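Heads up, the thing below is written out as structure tokens.
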Amino acid sequence: MAEAWDQVEAVERDNRLRRQAQMALEVSSNLYERLNALDPGALLQVTAPAHDRVGRETSGAKAVAAGGSVGEQVRRSALPNAALSVGFRRMTRKHSPILQRLGTGDGAPQPLARLIATPDAAAPERSAEIGLLSLDILADAVRAAAPPPATSGAVQPIEKLIHDAIAEAIPVASTARSASAAEGSLDSAIATQLTRLAELTRAGAAEAAPTLAIDQITATLKTRLNPSIRLPEAVSTQMHGGRTSAKARGLTTQGGGNDPLTPVMAAPQFSAPMYRLLQDVHDMLLPGLENTPPNTLALLRTNPGFIEAFMIGLNHEFARELLWREYPTDQRSTYFRQFWDVRGGESDGPDLQPMHDWKDAEALGSHIGGGAAGGGLALLIRGDLLRRYPDAMLYAVKAEPDGSFPEGTPSDLRLPRFTGVREPDITFIGFDLTEAEARGEHGTGWYFVLQEQPAAARFGLDPATTPEAPEELGAWRGVCWGHTAGTAEALASLTHVPLAGPLAGKAIGEPPSEIAWGRNAGHMARITLQRSYRIAIHADALLGQR
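Residue numbers (full-length UniProt numbering): 1 to 546.
Rendered as structure tokens:
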């Protein structure tokens, strides 16, 4: 129960937020109905503070088009910015003193509506203040005062006049410029300056601003300010950092459905293997265990019907406990789904399927994963084998068509689905194999393999009881303790491998790959490295006669 309450803490926090959001939705919906009843101009004025946060909807999946926010569109339009101010709204409200003096009736268009429809017609005429010249008068006066175009005519070179006066024949290069070039430069300069002056003084030179698309903006405001859309999105993001549904998180909503504002019912989940609860109950987990002698290998068949019945009772009783303690759950969930310990095994999920998905016509035991309804097989090992080799590998290999053990890499190999331990000396390993599959037909079937871990290096010498002559040793893999002592008394007194003795200086192999006794640590490691062993036992040998 302590773990169950730990799991429900986050759910209760989210449910408080959901209930607060439900109240906010109720209040906001009433306000939204009043906004929805306003005319477009009034809606634009009332929602002005939110314009910069509201984007324009498009027909596609994007939420904001290239036009930007509503505030940006209003500022780019011909509608004056002051038209959405609080002061303008107060002056032009219905039955305001100003409108009453102007004599506008109830059926007359409101000032903001006229500004939106025809902004130019509603703009006042520009007039010069008394005593000041208007820009139009000033521009006309400047154009009239511009000098006339220069007249064309030949200019007498001063050099020629001097030459004629003193009558000296001194050659002078001509520096005269064409009249057309001088006139063109002057005209161009005057035209440029006059054009610049006219642009600076011309009234109304700015490009006309576009008319505000009031219908499109109104539709955008009504959609994006709808609390029934915005509130669920905000609540989902705040609770989960995204739109994760309650169903995806292993929870169920009250009354069903997929409303993100509906409080969810917590369903605690426990992944601990439940077979351990049966270890202390006599003959419940491994019946007949007292008849199994030490150092024994045997094949057992699981009982899916019993396992399923036990898990049903466990979930039912725990649901009653949750109800008694007022735990917020609908009692439809399967709290315990794991019977075996599948850590490190080849498992495709929990052992027990969710009970609310079962069908009435399905048999008891058909909802347990791994193996058919008749039950899978488990290899029982009793003894100190796995205590001496705790990193041993266990797996099953399909036999060759002739019944022999496959050489090399097997084509069909199955790893354990689950494991279990019962102190002090019992281990059982489950496989997704039925008895018929394990036996096979016509000599086929499956081998169960116990293998030393190839990556776990082990060093030592083979045992021996009598001395042996080093001359008879043809390969280092056959070296034993008998080769290291010359007499039985010396062999009995050995506590470690002596480097000096009958094997001193002995080398096996051809240079440069020869391995010599006592040459260095690398040579000694290669000599004493023990090969990994593997034991393969056919299922027929463990199951006995058919």
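Quick reminder that beta carbons are idealized off the backbone N, C-alpha and C, glycines included.
Note that the structure is a prediction, hence the values are computed from the model and not measured.
Residues in its own chain within less than 8 Å of A541 by CB, not counting five upstream and five downstream?
-> Your numbering for residue 541 matches position 541 in the sequence shown. Cβ neighbours of A541 beyond the five flanking positions: none.
Roughly how many angstroms lie between the CA atoms of Q100 and R90, to the nearest whole one?
-> Counted from its first residue, the sequence shown places residue 100 at position 100. Counted from its first residue, the sequence shown places residue 90 at position 90. Approximately 13 Å, taken between the alpha carbons.
Within-8 Å CB hit, A4 to chain C = In the displayed structure, chain C is absent; only one protein chain is listed.
With DSSP as the reference, label F88 as helix, strand or coil.
-> Sequence index remark: in the sequence shown, residue 88 carries index 88 (1-based). Helix.
Distance between beta carbons of P502 and H483, contact taken as under 8 Å | The sequence position of residue 483 within the sequence shown is 483, counting from 1. The sequence position of residue 502 within the sequence shown is 502, counting from 1. At roughly 6 Å, the Cβ-Cβ gap stays under 8 Å, so H483 and P502 are in contact.
Return the chain-ordered list of same chain residues with a C-beta closer than 8 Å to the C-beta of S28, the five sequence neighbours on each side being excluded.
-> Locating residue 28 in the sequence shown gives position 28, counting from the first residue. Answer for S28: P227, L231, listed in chain order.
Following the continuous alpha helix (DSSP H) through R75, name the residue where it begins and the one where it ends.
-> Here residue 75 is taken as the residue at index 75 of the sequence shown, counted from 1. Element bounds for R75: 70-76.
Give the single residue among F318, H95, S85 whose Cα lies nearest to the Cα of A2.
-> Taking the sequence shown and counting its residues from 1, one reaches residue 2 at position 2. With distances taken between CA atoms, A2 lies nearest to F318 out of F318, H95, S85.
Would G365 be called buried (16 or more neighbouring beta carbons within 10 Å of its own) or exposed?
-> Within the sequence shown, the letter at position 365 stands for residue 365. G365 should be labelled buried.
Alpha carbon to alpha carbon, how far is R343 from S271?
-> If you number the sequence shown from 1, residue 343 lands on position 343. If you number the sequence shown from 1, residue 271 lands on position 271. Cα atoms of R343 and S271: separation of roughly 11 Å, rounded to the nearest angstrom.
Using three-state DSSP, classify H523 as helix, strand or coil.
-> The count along the sequence shown starts at 1 and reaches residue 523 at position 523. Reduced to three states, the DSSP call for H523 is helix.
Where are the alpha helix (DSSP H) runs, 4 residues long or more, that stay fully inside the segment 435-505, in chain order?
-> 435-439, 488-492
If you follow the alpha helix (DSSP H) that H316 is part of, which residue opens it and which one closes it?
-> Counting from 1 along the sequence shown, the entry for residue 316 is found at position 316. Looking at the DSSP string, the run of the alpha helix (DSSP H) that includes H316 is 304-324.
Would you kindly report the start and end of the unbroken alpha helix (DSSP H) that includes K222?
-> Mapped onto the sequence shown, residue 222 falls at position 222. Taken as a continuous stretch (DSSP letters only), the alpha helix (DSSP H) holding K222 covers 214-224.
Can you give me the Cβ contacts of P260 inside the same chain, cut-off strictly under 7 Å, excluding the 5 residues immediately before and after it?
-> Locating residue 260 in the sequence shown gives position 260, counting from the first residue. Cβ neighbours of P260 beyond the five flanking positions: P232, V235, S236.
Can you tell me where the beta strand (DSSP E) with Y335 in it begins and where it stops?
-> Here the question's residue 335 lines up with position 335 in the sequence shown. No beta strand (DSSP E) contains Y335, which DSSP labels as neither H nor E.
D384 to A521 span [Cα, whole Å] = For the purposes of this step, residue 384 is identified with residue 384 of the sequence shown, where counting begins at 1. For the purposes of this step, residue 521 is identified with residue 521 of the sequence shown, where counting begins at 1. Between D384 and A521, the C-alpha separation is close to 32 Å.
CB-CB length for L35 against L43, believed under 8 Å | One-based indexing of the sequence shown puts residue 35 at position 35. One-based indexing of the sequence shown puts residue 43 at position 43. Between L43 and L35 the Cβ distance is about 6 Å, and since that is below 8 Å, they are a contact.
Per DSSP, what kind of secondary structure is G509 in: helix, strand or coil?
-> For the purposes of this step, residue 509 is taken as the residue at position 509 of the sequence shown. Coil at G509, not helix or strand.
How long is the line joining the alpha carbons of residue 567 and P49, rounded to whole angstroms?
-> Absent from the structure is residue 567, since the part of the chain shown begins at 1 and ends at 546.
In whole angstroms, what is the alpha-carbon distance linking A21 and R320?
-> To locate residue 21, count along the sequence shown from 1; it is residue 21. To locate residue 320, count along the sequence shown from 1; it is residue 320. For A21 and R320, the distance between alpha carbons rounds to 32 Å.
I think T220 touches V54, with their Cβ atoms under 8 Å apart; what is that distance to the nearest whole Å?
-> Translated into the one-based positions of the sequence shown, residue 220 becomes position 220. Translated into the one-based positions of the sequence shown, residue 54 becomes position 54. The pair is a contact, with the Cβ atoms about 6 Å apart (cut-off 8 Å).
Between Q7 and the rest of its own chain, which residues show a CB-CB distance below 6 Å, the 5 nearest in sequence each way excluded?
-> Taking the first residue of the sequence shown as 1, we reach residue 7 at position 7. The beta carbon of Q7 sits closer than 6 Å to those of P268, all from its chain and outside the five residues before and after it, given in chain order.
Out of curiosity, what's the CA-to-CA distance linking R414 and I429?
-> Within the sequence shown, residue 414 is the residue found at index 414, counting from 1. Within the sequence shown, residue 429 is the residue found at index 429, counting from 1. Cα-Cα distance, rounded: 12 Å.
With a 10 Å radius around its C-beta and 16 neighbouring C-beta atoms as the bar for buried, classify G509 as buried or exposed.
-> Walking along the sequence shown from the start, residue 509 turns up at place 509. The residue in question, G509, is exposed, as its Cβ has fewer than 16 Cβ neighbours within 10 Å.
Between R337 and D351, is the Cβ-Cβ spacing less than 8 Å?
-> Numbered from 1 along the sequence shown, position 337 holds the residue referred to as residue 337. Numbered from 1 along the sequence shown, position 351 holds the residue referred to as residue 351. Contact flag set, yes.
Would you give the residue range spanned by the alpha helix (DSSP H) that I116 belongs to?
-> Here residue 116 refers to the residue found at position 116 of the sequence shown. Unbroken alpha helix (DSSP H) run through I116: 111-117.
Under the three-state DSSP convention, the category M265 falls into = Working through the sequence shown from its first residue, we reach residue 265 at position 265. Look at M265 here: in three-state DSSP terms it is strand.
Along the chain, where does the beta strand (DSSP E) that runs through R534 open and close?
-> The residue you call residue 534 lines up with position 534 of the sequence shown. Looking at the DSSP string, the run of the beta strand (DSSP E) that includes R534 is 534-538.
Nearest candidate by alpha-carbon position, reference Q453, set W476, D52, Y395 = For this step, residue 453 is matched to residue 453 along the sequence shown. Of the candidates W476, D52, Y395, the one whose C-alpha sits nearest the C-alpha of Q453 is Y395.
Hey, Y447 and I381 are a contact pair by Cβ (cut 8 Å); roughly how many whole angstroms apart?
-> Your numbering for residue 447 matches position 447 in the sequence shown. Your numbering for residue 381 matches position 381 in the sequence shown. With a beta-carbon spacing of about 15 Å, Y447 and I381 fall beyond the 8 Å limit used to define contacts.
Considering only residues of the same chain and omitting the five flanking positions on each side of A66, which have a CB-CB separation below 6 Å?
-> For the purposes of this step, residue 66 is taken as residue 66 along the sequence shown, with counting starting at 1. In this prediction, A66 scores a pLDDT of 49, lower than 50, which makes its location untrustworthy; no coordinate-derived value is stated.
Same chain, Cβ closer than 6 Å to L25, neighbours up to 5 away in sequence not counted = One-based indexing of the sequence shown puts residue 25 at position 25. Around L25: P227, L231.
Alpha-carbon to alpha-carbon, A455 and S532 = On the sequence shown, position 532 is the one that residue 532 refers to. On the sequence shown, position 455 is the one that residue 455 refers to. Whole-angstrom Cα-Cα distance: 9 Å.
Rounded straight-line distance, which links the Cα of R114 to that of G87 | In the sequence shown, the residue the question calls residue 87 occupies position 87. In the sequence shown, the residue the question calls residue 114 occupies position 114. Roughly 18 Å separates the two Cα atoms.
Find the nearest neighbour of A539 within the set L450, G445, T292, judged by alpha-carbon distance.
-> Position 539 of the sequence shown holds residue 539. Closest by alpha carbon: G445.
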